[in-house]
Amino acid sequence: MNAPPAPPPALPVPQGSFEFVRNGIHECKILIIDDEEANVRLIERILTRAGFDNFLSTTDSRDAATLFADFQPDLVLTDWLMPKVDGRAVIEQIRDATATDDYLPIVVLTADITPETRKRALTAGATDFLTKPFDQIEVLLRIENLLKARLSHLIIARQNLTLEESVRQRTFALERALTDLQATQKQVIQQERLAALGTMAGGIAHDFNNSLSIIMGFGELLLRDLPHGLNEANGTEPITTILTAAEDAAKIVHRLRNFYRPDETEEQRLPVDLNQLIDQAVASTRPRWHTEAASRGYTITVTKVPGEIPSINGDAAELREVLTNLIFNAVDAMPSGGTMTITTQAEGGTVVLKLTDTGTGMPEEVRRRCLEPFYTTKGSAGTGLGLAMAFGIIQRHSGTIEIESEPGRGTTFTLSLPATNMLSSAEPDDAPHPCGPLRVLVVDDQPILCQLLCQHLEDDCHTVETALSGSEAIEKFRAGKFDLVITDQIMAAMTGEQLASILKKMDPEIPVILLTGYASEGAVDESPSSAVNLVLAKPLSRAALRRSFAKVFAEIRSPTE
Numbered sequence: 223m224n225a226p227p228a229p230p231p232a233l234p235v236p237q238g239s240f241e242f243v244r245n246g247i248h249e250c251k252i253l254i255i256d257d258e259e260a261n262v263r264l265i266e267r268i269l270t271r272a273g274f275d276n277f278l279s280t281t282d283s284r285d286a287a288t289l290f291a292d293f294q295p296d297l298v299l300t301d302w303l304m305p306k307v308d309g310r311a312v313i314e315q316i317r318d319a320t321a322t323d324d325y326l327p328i329v330v331l332t333a334d335i336t337p338e339t340r341k342r343a344l345t346a347g348a349t350d351f352l353t354k355p356f357d358q359i360e361v362l363l364r365i366e367n368l369l370k371a372r373l374s375h376l377i378i379a380r381q382n383l384t385l386e387e388s389v390r391q392r393t394f395a396l397e398r399a400l401t402d403l404q405a406t407q408k409q410v411i412q413q414e415r416l417a418a419l420g421t422m423a424g425g426i427a428h429d430f431n432n433s434l435s436i437i438m439g440f441g442e443l444l445l446r447d448l449p450h451g452l453n454e455a456n457g458t459e460p461i462t463t464i465l466t467a468a469e470d471a472a473k474i475v476h477r478l479r480n481f482y483r484p485d486e487t488e489e490q491r492l493p494v495d496l497n498q499l500i501d502q503a504v505a506s507t508r509p510r511w512h513t514e515a516a517s518r519g520y521t522i523t524v525t526k527v528p529g530e531i532p533s534i535n536g537d538a539a540e541l542r543e544v545l546t547n548l549i550f551n552a553v554d555a556m557p558s559g560g561t562m563t564i565t566t567q568a569e570g571g572t573v574v575l576k577l578t579d580t581g582t583g584m585p586e587e588v589r590r591r592c593l594e595p596f597y598t599t600k601g602s603a604g605t606g607l608g609l610a611m612a613f614g615i616i617q618r619h620s621g622t623i624e625i626e627s628e629p630g631r632g633t634t635f636t637l638s639l640p641a642t643n644m645l646s647s648a649e650p651d652d653a654p655h656p657c658g659p660l661r662v663l664v665v666d667d668q669p670i671l672c673q674l675l676c677q678h679l680e681d682d683c684h685t686v687e688t689a690l691s692g693s694e695a696i697e698k699f700r701a702g703k704f705d706l707v708i709t710d711q712i713m714a715a716m717t718g719e720q721l722a723s724i725l726k727k728m729d730p731e732i733p734v735i736l737l738t739g740y741a742s743e744g745a746v747d748e749s750p751s752s753a754v755n756l757v758l759a760k761p762l763s764r765a766a767l768r769r770s771f772a773k774v775f776a777e778i779r780s781p782t783e
C-alpha cells in the first residue's frame, strides 16, 4: 500500500509589514539613507507631521544592506551622491536582497537632475526621484502614492498566497483521497479475486461432480455385476462411459489452466457428430435420470429422435458438457418423473438440437435470466453456473441457445450450431507403434502411476524398468541400456528436466519424454530444456502414449534443421 502524501510545505511570506496592509499606509516601514544629517532630520519631521512614525534612518550608507535585512521596509529613501557606498550601490544591494516578484519602491534623493543621473538611477532599480531642496507637499504625495502601490501589491500577494495555499491544501487532500482510493481499489480487487476464485471453485466443483457422478455411478454398476461375471456385453458400455467422463474431467482442468494462463493457443476444433455426442451424454447421465430416479420411486424416460444431420466443428468434451448440463437441468425440473425428448435436424447451414422436458417450467423472469452467471433458483444446492457455462460454450462454437418455457408446461432448449462439410472423425484408439519393442525406463515417485504406465507399455510388448526417484533412475540408467526414458516432472529432490539433463550428458542420443500435470501438450510452466524431446500432459491415455512414441522416433529419424 502506498504511503499517504506528506503535507505541503508552508508558502514563503512576502517581505513587508502585513500590519501595513490591515491598518493603511501610515503603518508602513520607511528606511531613510542620507549622509547629511540635516536632510535626514528634515525628512523625519515631514513624515512625523504626516502621521508616519515607523521609520529608521542612517547617515552611513555602509549600514544600508544590514538595516534593510533587519528592518524589512516597505519604502526606501536614499541619497544618490554619498561617500564610500553611493546610491547606485545601495540600490543594487537592496534589489539583490529583494525577490524579483516583490514590488519595493525606492526613491532617490538628489540635487542632480540631469538626464544622465536619472538614467543611471532608473537602470540601477530606482522607482522615483525627490529633488533637493525638498518640497514638503511633493515629498508626501510621492511617498503616499508609492505606498498605495505597495499596499495594492501586498494585498494581491496575500490573496495569491491564500489562493496558492488553498490550492496546495486541496491538492494535498486530493492526493490523499487518491491514495486512499487506490488502497481501497486494491482491497476491492483482492476481494473480487477471492470471490471469483470461490465462485470459480463452485463451477469447477459443479462440472467435476457431474463427471465424478458418472464415474462413480458406472463404477458401482460394474461392482454390482462383478459377482455375476463381466463380459463384453455388460462391461463395454460402463467402462467406455467412465473413460469418456474422465476425459471430460481432464478437459475441465485444461480450461481451468487456460483461465490463469490465457496466452495459450486455443485447441483446434474437429468435425463431430452431434447425434453421437447425444448418445454418449444420455448414456453417461443414465445413473442420474434412470437409476437414481427409480430408487426414489419415479420414472424419467429419455427419447432420442436423431435426424439426418451434417457434422459440426467443435470440441467434443465441451459439447458433451453442454448436453450433460441440459439433461441434469431437465431432471431437476421433473422431481416426480416425466419425459425428456432430444431431437436433431438440419436447417439450412445449421444443425438444430431440441431438448424438451415435461417438467415444472419456468416463469418469464426466470426464463430470461437463467443463462446469467450465478443466477439460480436452487438455493444453496445450485451454483448458477451450469446453464451459464453451457451458454458460453455454445457461443464459442458460434451457436445460439433459445428457451421456451411456461410454468407447468415444461421447457424446450433449442441449440443451433453451424454445420461443416467435413466428415466427423473420432480419434482412433490405436496409434502407430515405433519400430520394434523398446526397453523403457519409467521414472515417477508415485508407484501407482508407475504401475499404470508399465501396464500400458508391457501391453505393447515393451520391456520396462521403473525408478521412484531421480537418483535411482541414474543408477539404473548407468547399469543398463535403454531406448527411451519417460519421467515425471515434479519429483522430490530432482525434477524431470534436471534428470533429463543428467541423462543426456551420459548418453546424448537417448530420447526423453517428460510428463507433467501442470501443462498441456508441448508446454510446461517454463520453456523445457533441450534435454527434453517431448512434453506430455497428464492424465495420459494409451493412444496419446503411442502417438508420442511415433512422434519422438520420427523426429530422431528425420531431425528438423
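The opening position of the sequence shown corresponds to residue 223 in our numbering, with each subsequent residue numbered one higher. Every residue, glycine too, gets a C-beta built ideally from N, C-alpha and C.
Task: Outcome for Lys726 when other beta-carbon atoms lying within 10 angstroms are tallied against a minimum of 16 - done: Buried, because 16 or more other Cβ atoms sit within 10 Å of the Cβ of Lys726.
Open item on the list: Below 8 Å on the Cβ atoms is my contact criterion, and I expect Arg317 with Gly347 to pass it. Report the Cβ-Cβ distance as a whole number of Å.
Closed with: About 4 Å separates the two Cβ atoms, so the contact holds.
TODO: Please state whether DSSP places Leu767 in a helix, a strand or coil.
DONE: Three-state DSSP puts Leu767 in a helix.
Open item on the list: Taking contact to mean 3 or more Cβ pairs, one atom from each stretch, closer than 8 Å, check whether the stretch 528 to 538 and the stretch 556 to 563 are in contact.
Closed with: The count of Cβ pairs closer than 8 Å, one atom from the stretch 528 to 538 and one from the stretch 556 to 563, stays below three, leaving the stretches out of contact.
Task: Residue nearest to Pro761 in terms of C-alpha spacing, selected from His619, Ala467, Leu609 and Lys526 - done: Nearest C-alpha to Pro761 among His619, Ala467, Leu609 and Lys526: Ala467.
TODO: Rounded to whole angstroms, what's the CA-CA distance from Glu514 to Asp579? Just pull it up for me.
DONE: A straight line joining the alpha-carbon of Glu514 with that of Asp579 spans about 18 Å.
Open item on the list: Tell me whether Glu530, by its Cβ, gets closer than 7 Å to a heavy atom of the ligand GDP.
Closed with: This structure lacks the ligand GDP; in fact it carries no ligand of any kind.
Open item on the list: Using the Cβ count rule (16 or more neighbours within 10 Å means buried), how would you classify Asn382?
Closed with: The residue in question, Asn382, is exposed, as its Cβ has fewer than 16 Cβ neighbours within 10 Å.
Task: Segment limits, alpha helix (DSSP H) that includes Gly273 - done: Counting along the chain, no alpha helix (DSSP H) covers Gly273, and no H or E run does either.
Open item on the list: Give me, in chain order, the residues of the same chain whose beta-carbon lies closer than 7 Å to that of Gly581; leave out the 5 immediate sequence neighbours on both sides.
Closed with: Counting only Cβ-Cβ distances below 7 Å, and skipping sequence neighbours, we find Ala552, Ala555, Met556, Gly560, Gly632 and Thr633.
Task: 8 Å Cβ cutoff met for Val734 and Thr717 - done: For the 8 Å CB-CB criterion, Val734 and Thr717 do not form a contact.
Open item on the list: With H, G and I counted as helix, E and B as strand and the rest as coil, what does DSSP make of Gln711?
Closed with: Per DSSP, reduced to three states, the secondary structure at Gln711 is coil, with no helix or strand assignment.
Open item on the list: Residues in the same chain with beta-carbon distance under 6 Å from Thr523, minus the five sequence neighbours each way, listed in chain order, please.
Closed with: Excluding sequence positions up to five before and after Thr523, its CB lies within less than 6 Å of the CB of Thr561, all in the same chain and listed in chain order.
Task: Counted within 10 angstroms of its Cβ, other Cβ atoms place Glu249 as buried (16 or more) or exposed - done: Label assigned to Glu249: buried.
- [ ] Drop a sphere of 10 angstroms on the beta-carbon of His684, count the other beta-carbons inside from all chains shown, and report buried for 16 or more, exposed for fewer.
- [x] Around the C-beta of His684, 16 or more other C-beta atoms lie within 10 Å, and the residue is accordingly described as buried.
Task: Assigned secondary structure, Pro337 (DSSP; H/G/I helix, E/B strand, else coil) - done: Three-state result, Pro337: helix.
- [ ] State the start and end residues of the unbroken alpha helix (DSSP H) segment that holds Asp296.
- [x] Annotation for Asp296: no alpha helix (DSSP H) segment contains it, and DSSP assigns it neither H nor E.
Task: Same chain only: Cβ atoms within 8 Å of Gly583, ignoring 5 sequence neighbours per side - done: Beyond the five residues adjoining it in sequence on each side, Gly583 comes within less than 8 Å, by CB distance, of Ala555, Ser627, Glu628, Pro629, Gly630, Arg631, Gly632 and Thr633 in the same chain, given in chain order.
Open item on the list: Please list the terminal residues of the continuous beta strand (DSSP E) segment that includes Gly560.
Closed with: It spans Gly560 to Glu569 - the beta strand (DSSP E) in which Gly560 sits, taken as one unbroken run.
- [ ] Could you tell me the distance, in whole angstroms, from the CA atom of Glu697 to the CA atom of Thr462?
- [x] Taking the straight line from one Cα to the other gives about 40 Å.
Task: Assigned secondary structure, Asp579 (DSSP; H/G/I helix, E/B strand, else coil) - done: Three-state result, Asp579: strand.
Open item on the list: Judging by CA-CA distance, which residue of Glu387, Ile265, Asp323 and Glu386 is the nearest neighbour of Val329?
Closed with: Nearest C-alpha to Val329 among Glu387, Ile265, Asp323 and Glu386: Ile265.
TODO: Pick helix, strand or coil for Thr384, following the three-state DSSP scheme.
DONE: In the three-state reduction of the DSSP assignment, Thr384 falls in the helix class, which pools H, G and I.
Task: Extent of the continuous alpha helix (DSSP H) to which Ile616 belongs - done: Start and end: Gly608 to Arg618.
TODO: Thinking Asp301 and Gly309 are a contact (beta carbons under 8 Å), I'd like their distance in whole angstroms, please.
DONE: Asp301 to Gly309, Cβ: 6 Å. Contact.
Open item on the list: Within a Cβ cutoff of 7 Å, which residues of the same chain sit near Thr563, ignoring the five residues on either side of it in sequence?
Closed with: Thr525, Val527 and Thr578, listed in sequence order.
TODO: Please report how far the alpha carbon of Leu445 lies from the alpha carbon of Leu674, in whole angstroms.
DONE: Answer to the nearest angstrom: the Cα atoms are 21 Å apart.
TODO: Would you kindly check if the distance between the Cβ of Leu369 and the Cβ of Lys354 is under 8 Å?
DONE: Taking a C-beta distance under 8 Å as the contact criterion, Lys354 and Leu369 do not qualify as a contact pair.
Task: Check whether Leu545 and Ile500 have beta carbons under 8 Å apart - done: Yes, Cβ-Cβ distance for Leu545 and Ile500 is below 8 Å.
Open item on the list: Whole angstroms are fine: how far does the CA of Glu624 sit from the CA of Leu448?
Closed with: Each residue's Cα considered, the two are about 44 Å apart.
- [ ] Following the continuous alpha helix (DSSP H) through Thr546, name the residue where it begins and the one where it ends.
- [x] Where Thr546 is concerned, the enclosing alpha helix (DSSP H) stretches over Ala538 to Asp554.
Task: Glu626 - DSSP class collapsed to helix/strand/coil - done: Note: Glu626 maps to strand in three-state DSSP.
Task: With 16 other Cβ atoms within 10 Å as the buried cut-off, status of Met304 - done: By the 10 Å Cβ count, Met304 comes out buried.
TODO: With a threshold of 16 other CB atoms inside 10 Å of the CB of Pro509, please say whether the residue is buried or exposed.
DONE: By the beta-carbon neighbour count (other beta carbons within 10 angstroms, threshold 16), Pro509 is buried.
Task: Whole-angstrom distance between Ser693 and Val754, CA atom to CA atom - done: About 18 Å.
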